[in-house]
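J.: Chains as they are written, first to last, in full-length UniProt numbering: chain A, 1 to 219; chain B, 1 to 219. Beta carbons are placed, not taken as given, at the ideal position from N, Cα and C, and that holds for glycine. Sharing a structure below in structure tokens format, with a few things to ask.
In structure tokens:
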């Protein structure tokens, strides 16, 4: 099997279209995961034991089952109960929920790392629970966790090809359709790998920068 | 009702394939992880470079892309693998790359005095590694290995897309034959979760067993 550069240039525009969708899915998924993660982390600390337990179990369940099956579930099962989602929306929700449970652990660690004195000081200043969170705890807890969160978002980026299984036309799906049209697998599949490698390596550089900027000083 | 018995059998067959893949993939990943992880700590530049290239490549590209590449592109170079072989190879090499970093981190976390003690006892590099460093480092690796094994279990769902009849694949078969989506997908989600719990439990038991008698040694 020969590597054909002409073919590479011919299919490049289609693949670039796919890359755009892949990046869009990652960005939307990350935003959703950041919000879902915070919500889970806060609910798990709830005073109400029943709420804390059931949210904890749900998060554990989502983390212990494959993203692909969850995507199928959202895409195929929800329409039966009357919720019909476009593929891209279903994919974003799947990515956001799945990685939200991972992000929740990062938030938990970040919140636990805020010294006790800060909570006591907030109480001494007569701040309400809401004020304590928004003005004292979260501003201190979030910056150190940015590198860890970014790590998960890069992991999410590498899972986006799964969206092709629920018919989102992202990079992998474009490559598959190209491959099936021309019966050539070497170039499209290798290019998809190359795209992922390049974007991942770039994001690793970004991650290093985030670590220097926000990471903890010790070690 | 008789029909359901047949479908349950299908799902159980899928579960066997998933378990087989997880076990074989884990064994391959474990072997690869030790080779690549210790390779990164080698005295020789060439070995270090090779190990680093392997780890960065497999961590930088998506498992989905790697599986497709193994399954669709390798045959064009004359290497034809059955779906099961391709699945085990892809999963093992991918998770092995993540686990290699765990091996490296754990070996590096062992205190310098242990290495000095090896020198004082006139142990060779390999002897010191085998009898002093690795037994201690292995305990540090175990919890993360457990997480890696769960990631591997979840990743096995992707092999359904290269036509291997695992849990996810069988659920799709049941869906297309019965038109029922809720039952098959809920069932396999529960099975995946149960398997993940089983791994967590097994690792915890192993950890307790291996740390017996080490209380005075571990800081």
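Output, in chain order, the set of chain A residues within a Cβ distance shorter than 9 Å of residue 87 of chain B.
T.: Going along chain A, no residue has its Cβ under 9 Å from residue 87 of chain B, so there is no contact; the nearest lies around 14 Å.
J.: Please confirm if residue 148 of chain A has its CB atom under 8 Å from at least one CB of chain B.
T.: no
J.: From the beta carbon of residue 158 of chain A, is the nearest beta carbon of chain B less than 8 Å away?
T.: yes
J.: Please tell me whether residue 171 of chain A and residue 18 of chain A are closer than 8 Å, where the distance is taken between their beta carbons.
T.: yes
J.: Taking residue 26 of chain B as the reference, give the member of B/68, B/139, B/90 and B/207 with the closest Cα.
T.: B/90
J.: Roughly how many whole angstroms lie between the Cα atoms of residue 189 of chain A and residue 78 of chain B?
T.: 17 Å
J.: Are the beta-carbon atoms belonging to residue 226 of chain A and residue 192 of chain B less than 8 Å from one another?
T.: Only positions 1 to 219 of chain A appear in the structure, and residue 226 of chain A is not among them; the question remains open.
J.: Would the beta-carbon of residue 23 of chain A fall within 8 Å of that of residue 104 of chain A?
T.: Contact flag unset, no.
J.: What does residue 182 of chain B reach in chain A if we use C-beta pairs closer than 7 Å?
T.: 77 and 80
J.: To which residues of the same chain is residue 106 of chain A closer than 6 Å at the C-beta, ignoring the five residues directly before and after it?
T.: 145, 148 and 149
J.: Could you tell me which chain B residues have their CB closer than 8 Å to the CB of residue 186 of chain A, listed as they occur along the chain?
T.: 73 and 76
J.: Tell whether a beta-carbon distance below 8 Å holds between residue 71 of chain A and residue 197 of chain A.
T.: Not closer than 8 Å, so no.
J.: May I have the straight-line CA-CA distance separating residue 82 of chain B from residue 172 of chain B, to the nearest angstrom?
T.: Cα to Cα, residue 82 of chain B sits roughly 21 Å from residue 172 of chain B.
J.: For the segment 153-168 of chain B, enumerate the residues whose C-beta is nearer than 9 Å to any C-beta of chain A, in chain order.
T.: Within the segment 153-168 of chain B, the qualifying residues are 153, 154, 155, 156, 157, 158, 160, 161, 167 and 168.
J.: List, from N- to C-terminal side, the alpha helix (DSSP H) runs of 4 residues or more that fit wholly inside the segment 21-82 of chain A.
T.: The segment 21-82 of chain A contains, as complete alpha helix (DSSP H) runs of 4+ residues, the segments 49-64 and 67-72 (chain order).
J.: For residue 86 of chain A, which three-state DSSP category applies?
T.: coil
J.: Buried or exposed for residue 185 of chain B, please, with buried defined as at least 16 other CB atoms from any protein chain shown within 10 angstroms of its CB.
T.: buried
J.: Assuming residue 165 of chain A is part of the alpha helix (DSSP H), what are its boundary residues?
T.: That residue, residue 165 of chain A, is in no alpha helix (DSSP H); it is neither H nor E in DSSP.
J.: Please report the straight-line C-alpha distance between residue 36 of chain B and residue 141 of chain B, rounded to a whole angstrom.
T.: If you draw a straight line from the Cα of residue 36 of chain B to the Cα of residue 141 of chain B, it is about 15 Å long.
J.: In whole angstroms, what separates the C-alpha of residue 121 of chain A from that of residue 201 of chain B?
T.: 41 Å
J.: Give me, in chain order, the residues of the same chain whose beta-carbon lies closer than 6 Å to that of residue 30 of chain A; leave out the 5 immediate sequence neighbours on both sides.
T.: The beta carbon of residue 30 of chain A lies closer than 6 Å to those of 153 in the same chain, with the five residues before and after it left out.
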